[in-house]
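> Pasting a structure below so you can have a look.
Number of protein chains: 2
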Amino acid sequence: MPAEASFESSVGFLLSQLGVLATRSWVGVLAERDLTPHHHRILLTLHTAGPLGATALADIVLIDPRNMGPVVAPLERRGLIQRGDDPADRRRRVISLTPAGTEAAAELAAATSRIEDELLAPLTPDERDALRSHLRLLWQKAKAP
Amino acid sequence: MPAEASFESSVGFLLSQLGVLATRSWVGVLAERDLTPHHHRILLTLHTAGPLGATALADIVLIDPRNMGPVVAPLERRGLIQRGDDPADRRRRVISLTPAGTEAAAELAAATSRIEDELLAPLTPDERDALRSHLRLLWQKAKAP
DNA sequence: TATTGTTATACTCTATAACTATA
DNA sequence: TATAGTTATAGAGTATAACAATA
């Protein structure tokens, strides 16, 4: 009876489980650099999207804006990011990567393919491409509904 | 330069983000029933896999076994699960659904398709099937490496 | 009035250490 | 000695309330 199909056929269940596993696959690499998964996503987001306001950045990395302070503070203290003023809108505090932050982000990006290969080992190259494009489509639609 | 490709092409990044979104898509339905995402996964896992020991169950739902007590206690108190002894191995405490728990799990499973449809709206039926099978494959391999 | 950003604080979830009971 | 399970507790992460500054 397919109506009683296993929870393993629920995409939502699989996404939440694999999301945890994907995050865990990074903990070792991040711990060596004294970074958290939040820091990872912030650095890579700024690296590819460029400078962002606090709210916009929080929205992308799925952190509540009210928790941005404690998350971002260590990055600023270590000189990986900087917060500047926006002359056009003096409420905004534009967050951007410093040169050291750009270097750190590029180095993390370089580590991605190795970790990714391990995670995606069970899939063929074609299957990986299909999976990537499907996930990307879901994420882009989820961001801007 | 594709080596500098966007972080959006990282499957790990997409999985962790979509995992959060998939979990959030359930919070309303679960809150109405006074359940957490952990409870959700436990009920559905027991519903399809049958009775399990505490360690085996914790392993599947990716909860540290030491945190199972506080997670499982409310379910037991509300009569949705029960913990019994295993005559074959008196260390084990077998966790299983009560009739009320079975009913609750079935009801949650019924709500899945509606939530799933919303999440997967951007994809065609064929794409959904492909995504589901790829994710399932990754999860099964990740569980038993 | 709405938006951007922040602080203080309570709450939940997760991880570290150590222990009992059985195999 | 190894495994199943538990407790206590510290730490990381998340959510609720309230506020200041600017648009």
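Chains A and B are the protein sequences, given in the same order. Every number in our numbering is 950 more than the matching position in the first sequence, counting from 1. Every number in our numbering is 950 more than the matching position in the second sequence, counting from 1. Don't be surprised by glycine CBs; every beta carbon is placed ideally from N, CA and C. Keep in mind that this is a model prediction, so the values were computed, not measured.
Specify the secondary structure class of residue 1003(B) as computed by DSSP and reduced to three states.
Stepping through the second sequence from its first residue, residue 1003(B) is reached at position 53. If DSSP states are grouped into helix, strand and coil, residue 1003(B) belongs with the strands.
> Please list the segments of the beta strand (DSSP E) lying wholly inside the stretch 1016-1049 of chain B, counting only runs of 3 or more residues, in order along the chain.
Counting whole runs of 3 or more residues, the stretch 1016-1049 of chain B contains the beta strand (DSSP E) stretches 1031-1035 and 1043-1047.
> Taking DSSP as the reference, what is the three-state secondary structure of residue 966(B)?
Locating residue 966(B) in the second sequence gives position 16, counting from the first residue. The answer is helix: DSSP assigns residue 966(B) an H, G or I state.
> Let me check understanding here. Comparing Cα to Cα, which of 1017(B), 1027(B), 1070(B) and 1024(B) lies closest to residue 975(B)?
Here residue 975(B) refers to the residue found at position 25 of the second sequence. When each option's Cα is compared against that of residue 975(B), the closest is 1070(B).
> Assuming residue 1054(A) and residue 993(A) are in contact, meaning their beta carbons sit under 8 Å apart, how far apart are those beta carbons, in whole angstroms?
Position 104 of the first sequence, counted from the start, is the residue given in the question as residue 1054(A). Position 43 of the first sequence, counted from the start, is the residue given in the question as residue 993(A). The pair is a contact, with the Cβ atoms about 6 Å apart (cut-off 8 Å).
> Comparing alpha-carbon positions, which option in 1060(A), 1020(A) and 1076(A) lies nearest residue 997(A)?
Counting from 1 along the first sequence, the entry for residue 997(A) is found at position 47. Per the Cα distances, 1060(A).
> Within 10 angstroms of its Cβ, does residue 1057(A) collect 16 or more other Cβ (buried), or is it exposed?
Start at 1 with the first residue of the first sequence, and residue 1057(A) comes out as number 107. Exposed is the call here.
> Would you kindly work out how many angstroms separate the C-alpha atoms of residue 965(B) and residue 1001(A), rounded to a whole number?
Walking along the second sequence from the start, residue 965(B) turns up at place 15. Walking along the first sequence from the start, residue 1001(A) turns up at place 51. Roughly 24 Å separates the two Cα atoms.
> Got a sec? Which residues, its chain only, sit under 8 Å from residue 1011(B) by beta carbon, not counting five neighbours each side?
Counting from 1 along the second sequence, the entry for residue 1011(B) is found at position 61. Contacts found: 988, 991, 992 and 995.
> Excluding the 5 residues flanking residue 1018(A) on each side, which residues of the same chain have their C-beta closer than 6 Å to its C-beta?
Position 68 of the first sequence, counted from the first residue, corresponds to residue 1018(A). The residues are 1004 and 1008.
> Where do the ends of the alpha helix (DSSP H) carrying residue 1096(A) lie?
Examination of residue 1096(A) is not possible in this model, given that chain A is present from 951 through 1095 alone.
> Starting from the C-beta of residue 954(A), find all residues in its chain whose C-beta is less than 6 Å away, skip the five residues before and the five after it, and write them out in chain order.
Numbered from 1 along the first sequence, position 4 holds the residue referred to as residue 954(A). Reliability of the predicted coordinates at residue 954(A) is poor, the pLDDT of 45 falling under 50, and the value obtained from them is presented with this limitation in mind. For residue 954(A), where only same-chain residues beyond five positions count, there are no Cβ hits under 6 Å.
> Can you round the beta-carbon distance between residue 1045(A) and residue 1031(A) to whole angstroms, since I take them to be within the 8 Å contact cut?
In the first sequence, the residue the question calls residue 1045(A) occupies position 95. In the first sequence, the residue the question calls residue 1031(A) occupies position 81. Residue 1045(A) to residue 1031(A), Cβ: 6 Å. Contact.
> Among 986(A), 1052(A), 1022(A) and 1062(A), which one has its Cα closest to the Cα of residue 1043(A)?
As a first step, residue 1043(A) must be located in the first sequence, where it is residue number 93. Of 986(A), 1052(A), 1022(A) and 1062(A), the residue nearest in Cα terms is 1022(A).
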